[in-house]
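Colleague: Could you have a look at this structure, given as C-alpha cells, before my questions?
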Amino acid sequence: MTDLLYTDVEESLRSSVRSTLQRSLDEGLAARLYDEPGTDVSAVWQALAGQIGLAGLLVPESLGGVGAGPREAAVVLEELGRTVAPTPFLTSAVIATTALLAAGDETHLPALAAGERTAALVLPWTARRGAWSPVQGSAEPVAGALTADLFVVPTTGEGGVTSLRAYEPGDVELEAITSLDMTRPLARVTVRGEGSEIASGQAAEAAVDAALAAGAALLPSEQLGLAQWCLETTVEYAKTRVQFARPIGSFQAIKHRLADLYLLLVNTQAAARYAAGTLADDDPDQHVAQALAQAFCGDAAVRAAEEALQLHGGIGMTWEHPVHTRLKRAKSDQLALGTPERHRADLAGLVDLPAH
Amino acid sequence: MPDQQQSPDLRQRVDELLASHDPATTEPSEFLGARFDAGLAWVHFPEGKGGLGLSRGRQEEVDALLEEAGAPGPDLGRNSIGLGMAAPTMVAFGTEEMQQRYLRPLFTCTDIWCQLFSEPGAGSDLAAVATRAVPDGDEWVVDGQKVWTSGAHNADFAILVARTDTSVPKHAGLTYFIVDMTDPGIEIRPLRQITGEAEFNEVFLSGVRIHDRNRVGAVGEGWKVATTTLNNERVAIGAGNDREAGQIGLVAERWRRDPSVRTAGNHTELMQWWVETEVTRLAGERLRQGLEAGQPGPESSAMKLAFAHQAQQVTGFALELAPEEGLTYHDWTMVRPEGGSFLGHGPGFRYLRAKGNSIEGGTSEIMRNIVAERVLGLPPEHRPDKGIPFKDVPR
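If you're matching them up, the sequences are chains A and B in order.
Sequential numbering of the first sequence, starting at 1, is according to the working numbering.
Sequential numbering of the second sequence, starting at 1, is according to the working numbering.
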C-alpha cells in the first residue's frame with residue numbers, strides 16, 4: 001500500500017508555496033480576471049517558477065529540473081487549489097511536461113524547467129487517457145494555451161499514424177473563450193504548418209496518455225485544496241456570524257452539515273493521496289486510483305463550494321466574497337480531464353464490473 | 001507494508017511459535033495461549049501481558065505471517081468487546097493483578113466479555129447512567145438496568161460503568177468496574193430486534209456485589225476510563241480492510257456472477273457506491289498509517305459515520321438489485337446468536353441489521369456533533385445539565 005501521509009519534505013514544500021502565494025498573489029486577483037481577462041498575472045508564476053523551481057518540479061536534474069515526483073506536485077496543487085491561483089502549473093509543468101518527458105524530449109524541456117517558457121498540450125480540456133483523438137486543424141476548449149510559448153499537439157501524420165508535434169507561437173492561432181472559470185481560461189487553438197515532430201506512432205500515443213494520466217492523478221489534489229479552503233473558510237464564518245443571538249455554528253443543523261463536509265474531505269484526501277502515491281510508485285493499481293479519484297474528488301469539490309456558498313447566506317452570492325471563484329473553478333475542474341460519470345465508466349472496466 | 005518492513009526478530013518469534021505449536025494439530029485456544037505467552041497477541045502491549053512493547057502498527061506483520069501459516073486467530077465475532085475494548089482499557093487503567101487474571105483467557109476466548117454501558121435513559125448520553133454502585137466494606141453493591149448489551153447471554157465477564165456519586169456533575173460521579181456475569185443478582189433477558197434475532201439483551205442488576213479489586217481506575221474516574229474504551233472501539237472501525245471487503249463486495253460479486261441484475265440504472269448506482277466505499281477504505285487506511293506514525297487521527301469519528309451510511313445504502317441497493325430474492329427472508333425464528341454478524345444470512349437480514357450501524361457505538365448525530373465541536377471547533381450545544389449535580393438534573 002502506497003504511503004498516504006505527507007513527508008516532512010512535502011510539508012516544507014507546502015509552506016514555501018503557501019508563503020510565496022501569500023506574497024505574490026493579490027486576493028482580489030481571481031475575481032478581477034472575470035472583469036479584466038487581460039490582467040497580467042505572470043508575476044505569480046514567475047515567483048513560483050523562479051523562487052522555488054516549480055516549473056521544473058517533475059523534470060530530472062539532468063534537464064535542469066528539480067527531479068521531484070507526483071507526490072510533491074500534488075502538494076503544490078493543493079496550495080494552488082486553495083487560492084485558485086492563475087498559474088500554468090497543472091497545464092504546463094504537469095501535463096505538457098509529462099508528455100514531453102514520456103516522449104523522451106530533450107529539446108524543449110530545459111527551457112520549461114527553467115521557467116523561461118510554458119507549454120500546453122493541445123487537446124480539449126475534457127480529454128482523458130484512452131479517450132482522445134488527434135487534432136485536425138483546431139481544438140477547443142484548450143486549457144493553458146493563452147499564455148503558452150510552446151504547443152504540444154497530437155496530430156495525424158503520414159500514413160494515418162499519430163504524430164506528437166511541437167508548434168511555436170507563430171504557427172498557432174489563439175482565440176480566447178469566455179470561460180466558466182476565468183482563472184484557468186480556455187481557448188480555441190488552430191495550428192498551421194508542420195511544426196516539429198517529438199514522437200510518432202505508439203510512442204506519441206503513450207506520451208499523450210501518460211500526460212492525461214498524470215493530470216487525472218493530480219487534478220484531485222487541486223480539488224482537495226479547493227475543498228479544504230471552502231470548509232475552513234465556512235467554519236470560521238460559522239463561528240463568528242451571529243444570528244438569533246447565537247453564532248450560527250452552534251446550531252445543530254449547521255454543525256451537522258459541516259461535519260458531513262469534513263467527512264467528505266477526509267475521503268477526498270485519501271483518494272487524492274492514493275492517486276498521487278500510486279503514480280509516484282508506478283503501482284499497478286494506478287489507473288484504478290486515477291479513475292477513482294477523478295470520480296470522487298470532482299463531485300466533492302463542487303459540493304464543498306456549494307455548501308460554502310449556501311452557509312455564507314447572502315454574502316456567498318456576492319461578487320465581493322471569494323467563494324464564487326472557488327465554485328467556478330470547482331465546477332470546471334469537475335468537467336476537466338473527464339467527468340466523474342466518465343471515470344466511473346472507465347473504473348467499471350478496470351475492476352471487472354461490466355455495464356452489460 | 002509488511003513485506004517492506006518485516007523485522008527479523010518478529011518473524012523469528014512467529015517461526016518459533018509455529019515450530020512449537022503446529023496450527024494444524026493444536027487446539028485453537030491452546031495455540032492462542034502460546035501466542036499470548038510469546039508476546040504476539042498485541043505487540044503494542046507490555047511484555048508479559050501479551051505484548052512486546054512495540055508500536056501498534058507492527059501487529060500487522062504478525063497477523064500476516066500467522067494468517068499465511070493458517071494459524072487460528074481470536075474469535076472477533078464472539079469476543080469483540082473483550083478483544084477490542086476491555087483489553088486495552090485494562091492495560092491502560094487496570095491493576096497488575098487484574099491484567100494477570102483476565103488478559104490471557106480473554107485473548108484465547110476462553111472468557112467472553114460484554115459491555116454494560118447503555119441504559120434505557122442513557123444511550124448516546126452515556127454519562128447519564130443511573131445504575132448505582134454503593135460501597136459496603138471491601139465491596140460495592142450494584143443496582144440498575146442496562147440495555148442493548150450485545151452478547152450478554154454468552155458473556156463470562158462484563159465491563160460496567162456505574163454511578164458512585166450523585167452529588168457531583170454527571171461526568172464526575174462515575175466509576176468503572178469488572179463484573180463476573182455469573183454472579184448472583186444478574187438477570188439477562190433477550191431483546192429481540194428487527195432482524196428477528198436477539199443479538200442484544202437487557203441486563204438487570206439487583207444487589208450485585210463487586211469486590212473493590214475489580215474496580216478499574218479511581219473512584220469517580222469512570223468517564224475517563226470509558227472514554228479510552230470508546231476511542232478503542234472507533235479506531236477499530238474501517239481500518240486495514242481489503243478492497244470490496246464489506247457490503248459492497250457481496251453486491252459486486254453478485255454483479256459479476258449474474259448478468260440478469262445488470263441494468264443501466266443499477267450500474268450507475270453500483271459504481272457510485274463502489275467509489276464511495278473504496279474511498280472510505282482508503283481513508284481508513286490513511287488513518288491507520290497516521291496512527292502507526294504516531295499522528296492522532298480525529299478522522300475516526302468521521303469514519304464511523306461513513307461506514308454506517310454506506311452499509312445502509314448498499315444493503316438497501318442489494319435488495320433492489322435482485323427484487324425477487326429481495327422479497328424473501330432467510331428465517332424469522334428468534335435465535336440468540338453466538339456473535340454479531342453484519343455480512344451473514346441473506347440480503348434482507350443485512351439490510352435490517354445495517355440500520356443499527358448508525359445507532360450502536362454512538363449515533364451518527366452524536367458523531368457529527370463530536371466532529372463539529374472537537375475537530376472543527378464549532379461552538380458547543382446549549383447544555384442544561386452542565387455543572388449541575390447529577391441528582392438535580394431533570395430526568
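The C-beta atom is built at its ideal place from N, Cα and C for all residues, glycine as well.
The beta strand (DSSP E) spanning W255/B covers which residue range?
Modeller: Along the second sequence, one-based indexing puts residue 255/B at 255. Premise fails: W255/B lies in the alpha helix (DSSP H), Q247 to R257, not in any beta strand (DSSP E).
Colleague: Out of D180/B, W148/B and V208/B, which has the shortest C-alpha to C-alpha gap to F157/B?
Modeller: Taking the first residue of the second sequence as 1, we reach residue 157/B at position 157. That would be D180/B, whose Cα lies nearest to the Cα of F157/B.
Colleague: What residues from chain A crowd round T280/B, counting only those whose CB sits closer than 7 angstroms?
Modeller: If you number the second sequence from 1, residue 280/B lands on position 280. Chain A residues near T280/B: N267.
Colleague: Check for me: the beta strand (DSSP E) holding V393/B runs from which residue to which?
Modeller: Numbered from its first residue, the second sequence carries residue 393/B at position 393. No beta strand (DSSP E) contains V393/B, which DSSP labels as neither H nor E.
Colleague: Between the beta-carbon of N396/B and the beta-carbon of F177/B, is there less than 7 angstroms?
Modeller: Any question about residue 396/B goes unanswered here, given that chain B covers just 1 to 395.
Colleague: Taking the alpha carbon of F342/B as the reference point, which residue from S167/B, Y102/B, E199/B and L65/B has its own alpha carbon closest?
Modeller: In the second sequence, counting from the first residue as 1, residue 342/B sits at position 342. F342/B has its Cα closest to that of E199/B, out of S167/B, Y102/B, E199/B and L65/B.
Colleague: Which whole-angstrom value is the C-beta distance of V302/A and L347/A, which I expect to be below 8 angstroms?
Modeller: Counted from its first residue, the first sequence places residue 302/A at position 302. Counted from its first residue, the first sequence places residue 347/A at position 347. Their Cβ separation, rounded to whole angstroms, is 19 angstroms, which puts V302/A and L347/A out of contact at 8 angstroms.
Colleague: Would you tell me roughly how many angstroms separate the C-alpha atoms of G39/B and T108/B, rounded to the nearest one?
Modeller: Translated into the one-based positions of the second sequence, residue 39/B becomes position 39. Translated into the one-based positions of the second sequence, residue 108/B becomes position 108. Approximately 13 angstroms, taken between the alpha carbons.
Colleague: With a threshold of 16 other CB atoms inside 10 Å of the CB of Q59/B, please say whether the residue is buried or exposed.
Modeller: As a working note, residue 59/B is residue 59 in the second sequence. Burial call: buried.
Colleague: So, at 8 angstroms on beta carbons, what are the nonlocal neighbours of A24/B in its own chain, with the 5 sequence-adjacent residues on each side left out?
Modeller: What you label residue 24/B is simply residue 24 of the second sequence in a count that begins at 1. Answer for A24/B: G70, listed in chain order.
Colleague: Relative to chain B, which residues along the region 295–307 of chain A have a C-beta separation below 7 angstroms, given in chain order?
Modeller: Cβ contacts with chain B come from A295 and F296.
Colleague: What first and last residue would you give for the alpha helix (DSSP H) that runs through F307/B?
Modeller: One-based indexing of the second sequence puts residue 307/B at position 307. From DSSP, the alpha helix (DSSP H) with F307/B extends over E299 to L321.
Colleague: Q247/B: buried (16+ other C-beta within 10 angstroms of its C-beta) or exposed?
Modeller: The sequence position of residue 247/B within the second sequence is 247, counting from 1. Result: buried.
Colleague: Would you mind telling me which residues of chain B sit closer than 9 angstroms to R273/A, beta carbon to beta carbon, in chain order?
Modeller: Reading the first sequence from its first residue, position 273 is the one you call residue 273/A. By Cβ distance, chain B contributes L282 and R286.
Colleague: So within the region 234–317 of chain A, which uninterrupted alpha helix (DSSP H) runs reach at least 4 residues, ignoring any that extend past its ends?
Modeller: Here the runs fully enclosed are 252–281 and 286–311.
Colleague: Just to confirm, is the Cβ distance from V275/B to G207/B under 7 angstroms?
Modeller: Numbered from 1 along the second sequence, position 275 holds the residue referred to as residue 275/B. Numbered from 1 along the second sequence, position 207 holds the residue referred to as residue 207/B. Going by C-beta atoms, V275/B is not nearer than 7 angstroms to G207/B.
Colleague: If you reduce the DSSP assignment to three classes, tell me which class E269/B lands in.
Modeller: Stepping through the second sequence from its first residue, residue 269/B is reached at position 269. DSSP places E269/B in helix when its eight states are reduced to three.
Colleague: Within the same chain, show all residues whose beta-carbon is closer than 7 angstroms to that of V219/B, passing over the 5 residues directly before and after it, in chain order.
Modeller: Taking the second sequence and counting its residues from 1, one reaches residue 219/B at position 219. If we look at V219/B and ignore the five residues flanking it on each side, its Cβ neighbours are T164 and T175.
Colleague: Looking at the secondary structure, which residues open and close the alpha helix (DSSP H) in which L150/A lies?
Modeller: Indexing the first sequence from 1 puts residue 150/A at position 150. It is not in any alpha helix (DSSP H) - L150/A instead sits in the beta strand (DSSP E) that spans L150 to T156.
Colleague: Which residues bound the alpha helix (DSSP H) around A330/A?
Modeller: Within the first sequence, residue 330/A is the residue found at index 330, counting from 1. Where A330/A is concerned, the enclosing alpha helix (DSSP H) stretches over V323 to L335.
Colleague: With DSSP as the reference, identify every bridge partner of N201/B, one or two as the case may be.
Modeller: Residue numbering aside, residue 201/B sits at position 201 when the second sequence is read from its first letter. Its beta-bridge partners are P190/B.
Colleague: Tell me, please, which residues DSSP counts as bridged to I178/B.
Modeller: One-based indexing of the second sequence puts residue 178/B at position 178. Paired residues: I159/B.
Colleague: In angstroms with no decimal places, state the Cα-to-Cα distance between A136/A and A166/A.
Modeller: As a working note, residue 136/A is residue 136 in the first sequence. As a working note, residue 166/A is residue 166 in the first sequence. First, the amino acid is wrong: residue 136/A is Gln here, not Ala. Cα-Cα distance, rounded: 15 angstroms.
Colleague: Who are the neighbours of N369/B on chain A, taking C-beta pairs under 9 angstroms?
Modeller: Position 369 of the second sequence, counting from 1, holds the residue named residue 369/B. Under the 9 angstroms cutoff, chain A gives Q252, K255, H256 and A259.
Colleague: Identify every residue that forms a DSSP beta bridge with K146/B.
Modeller: On the second sequence, residue 146/B is found 146 positions in, with the first residue counted as 1. Bridge partners of K146/B: V203/B.
Colleague: Could you work out which residues of chain A lie near L65/B, taking near to mean beta carbons separated by less than 9 angstroms?
Modeller: The residue you call residue 65/B lines up with position 65 of the second sequence. Those do not exist, as L65/B stays about 17 angstroms from chain A at its closest Cβ, beyond 9 angstroms.
Colleague: Ends of the beta strand (DSSP E) at I388/B?
Modeller: Position 388 of the second sequence, counted from the start, is the residue given in the question as residue 388/B. Run containing I388/B: none; DSSP gives neither H nor E here.
Colleague: Using 10 angstroms around the beta-carbon of D209/A, count the other beta-carbons present and answer buried if the total reaches 16, otherwise exposed.
Modeller: Here residue 209/A is taken as the residue at index 209 of the first sequence, counted from 1. D209/A is buried by the Cβ-count criterion.
Colleague: Cutting at 6 angstroms between CB atoms, please list the residues of its own chain near R350/B, excluding the five before and the five after it.
Modeller: Locating residue 350/B in the second sequence gives position 350, where the first residue counts as 1. Here the set comprises T315.
Colleague: Quick one: what does DSSP say D209/A is sitting in, helix, strand or coil?
Modeller: Along the first sequence, read from residue 1 onward, the residue named residue 209/A stands at position 209. Helix, per DSSP.
Colleague: According to DSSP, what are the bridge partners of C114/B?
Modeller: The count along the second sequence starts at 1 and reaches residue 114/B at position 114. A158/B, per the DSSP bridge assignment.
Colleague: How far does the beta strand (DSSP E) with R82/A in it extend, from its first residue to its last?
Modeller: In the first sequence, the residue the question calls residue 82/A occupies position 82. No beta strand (DSSP E) holds R82/A; the alpha helix (DSSP H) holding it covers P70 to T83.
Colleague: When you compare the CB of P322/A with every CB in chain B, is at least one pair closer than 7 angstroms?
Modeller: Residue numbering aside, residue 322/A sits at position 322 when the first sequence is read from its first letter. Closer than 7 angstroms: no.
Colleague: How is the beta strand (DSSP E) around D35/A delimited, first residue to last?
Modeller: By one-based count along the first sequence, residue 35/A stands at place 35. No beta strand (DSSP E) contains D35/A, which is instead part of the alpha helix (DSSP H) from L29 to D35.
Colleague: For P259/B and H356/A, what's the separation of their Cα atoms in angstroms?
Modeller: As a first step, residue 259/B must be located in the second sequence, where it is residue number 259. As a first step, residue 356/A must be located in the first sequence, where it is residue number 356. Cα-Cα distance, rounded: 7 angstroms.
Colleague: Starting from H399/B, find everything on chain A with Cβ-Cβ shorter than 8 angstroms and list it in chain order.
Modeller: Only positions 1 to 395 of chain B appear in this structure, which leaves residue 399/B out of reach.
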